[in-house]
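Inspection log for the structure reproduced underneath, given as structure tokens.
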Ligand code: PMP
């Protein structure tokens, strides 16, 4: 049995979404699929304010790569801003393409501000890459502050929204970012396997022919005039995503973001009140909270939480693999999940001899909830 599934992706898939995949006869060159295509792509564009959205059969990393190769030519110069593991992945993808890569990096747990980006930008940067929400640390980038970058530079702004879209506001119609890559298995509450690239107005006219074949957006654009994909789509996942998107629209986007924000604030208040450190120094994420670094093995903490309290959380990544616990409040997570997770976290740490006050955590989290509900 699982009581609280607080993983930073794949996240819990609601029963309604799972049930939508139980259809063996939906063919992709059919009017029924064209209807699914239309509803999904229109809802995705409403979600991010995009002009167009391409849905690819891949995970988030594939969407990041597709977002890069369709807008940057090999040998062009780019700036990659990195606050952790997933920013570093953008560096690897850009180098793999053969781009000239400048890196603006900060220590894990730190945030990057738009002013730092502006200071690092050169006139010959064709694009700047940022991670909207760095899942490895629980630090987010303030997209609103990108107005300052847009004012000073013509470089395309390409973002990784894998752990933010569906949980935190993104609005490409503002003009920044220009492109955002994301995936089905996080805030969108759908199983893994779909990667999305949302493209804004300015970026549409700056698309370039990529070196490869499969991720060439010009072919996706052509096919979508007929509400089709160029190659066989992951039909069942599209059907699942249609239901998940309608659940999000039923709850209301503002309400969805507010629920994430409240869950995040409750988690942080609870962790601080139980006497454990928060890893993010500032710009705390609304979808994932990193707890630590701690001196006990968080592999053991997670094992106790899972086996004794049926509560699933993630460990750290890279050098912090066994020193952080990452609690995701992403997708269909509720405030009761947060309360149960805080209790399991405190009991697990206490079981390993680290003092962690479960009552204080609960009181602090409920106080935040009380303030938010009024
Ligand atoms: N970027 C971010 C911010 C992520 O959180 C993840 C997945 N944890 C990825 C990229 C990579 O996504 P995937 O594992 O779906 O390829």
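In our numbering, the protein residues as written are 686 to 1059. Ideal Cβ positions, reconstructed from N, Cα and C, are used throughout, including at glycine.
Here's the rule I'm using: 16 or more other beta-carbon atoms within 10 Å means buried, otherwise exposed. How should residue 964 be labelled?
buried
How about residue 805 and residue 827: do their beta carbons lie closer than 8 Å?
Contact flag unset, no.
Closest to residue 1039 by C-alpha separation, out of 733, 1020, 999, 978, would be which residue?
978
Classify residue 715 as buried or exposed, calling it buried when 16 or more other Cβ atoms lie within 10 Å of its own Cβ.
Exposed, by the Cβ-count rule.
Could you tell me which whole beta strand (DSSP E) segments of length 3 or greater appear in the stretch 984-1022?
Under the rule that a run must span 3 or more residues, the beta strand (DSSP E) segments found entirely inside the stretch 984-1022 read 1010-1013.
Given a cut-off of 8 Å on the beta-carbon distance, is the pair residue 1008 and residue 983 in contact?
yes
Span of the alpha helix (DSSP H) holding residue 943?
938-958
Residues near residue 1037 in its chain [Cβ-Cβ closer than 7 Å; skip 5 each side]:
981, 985, 986
Considering residue 1057, what are the terminal residues of the beta strand (DSSP E) in which it resides?
Looking at the DSSP string, residue 1057 is not in any beta strand (DSSP E); the run it does join, the alpha helix (DSSP H), is 1043-1058.
I want to check one thing, is the minimum distance from the CB of residue 877 to the heavy atoms of ligand 1 below 7 Å?
yes
Who are the Cβ neighbours of residue 705 in its own chain at under 6 Å, not counting the five residues just before and after it?
924, 925, 928.
What are the start and end residues of the beta strand (DSSP E) that includes residue 865?
864-868
Return the residue from the list 844, 852, 808 that minimises the CA-CA distance to residue 838.
808
Go through the stretch 757-797 residue by residue and report every complete run of the alpha helix (DSSP H) that reaches 4 residues or more, in order.
As for any alpha helix (DSSP H) of minimum length 4 sitting wholly inside the stretch 757-797, the runs are 770-782, ordered along the chain.
Heavy atom of ligand 1 less than 7 Å from the Cβ of residue 783, yes or no?
no
Any heavy atom of ligand 1 within a distance shorter than 7 Å of the CB on residue 847?
True, at least one ligand heavy atom lies under 7 Å from that Cβ.
Anticipated Cβ contact below 8 Å, residue 885 with residue 863, distance rounded
5 Å
Unbroken beta strand (DSSP E) run spanning residue 721, endpoints:
Unbroken run through residue 721 is the alpha helix (DSSP H), 716-733; no beta strand (DSSP E).
Taking C-beta to C-beta, are residue 846 and residue 873 nearer than 8 Å?
no
Is the stretch 719-731 touching the stretch 1040-1050, taking contact as three or more C-beta pairs under 8 Å?
no
Check whether the stretch 758-768 and the stretch 789-800 are in contact - that is, three or more C-beta pairs closer than 8 Å.
yes
Is any non-hydrogen atom of ligand 1 found closer than 7 Å to the C-beta of residue 874, if you look at the structure I gave you?
Not one heavy atom of ligand 1 lies closer than 7 Å to the C-beta of residue 874.
Kindly indicate which three-state DSSP category residue 880 falls into: helix, strand or coil?
Residue 880 falls in the strand class under three-state DSSP.
Please say whether residue 875 and residue 693 have beta carbons closer to each other than 8 Å?
Not a contact, by the Cβ cut-off of 8 Å.
Apart from the five residues on each side of it in sequence, which residues of its chain come closer than 7 Å, Cβ to Cβ, to residue 776?
Cβ neighbours of residue 776 beyond the five flanking positions: 765, 767, 786, 788.
Should residue 693 be listed as close to ligand 1, given that the test is whether its C-beta is under 7 Å from any heavy atom?
yes
Give me the Cα-Cα distance between residue 866 and residue 751, rounded to the nearest whole angstrom.
8 Å
In three-state DSSP terms, what is residue 1034?
If DSSP states are grouped into helix, strand and coil, residue 1034 belongs with the helices.
How long is the line joining the alpha carbons of residue 1017 and residue 871, rounded to whole angstroms?
Residue 1017 and residue 871: Cα-Cα distance of roughly 10 Å.
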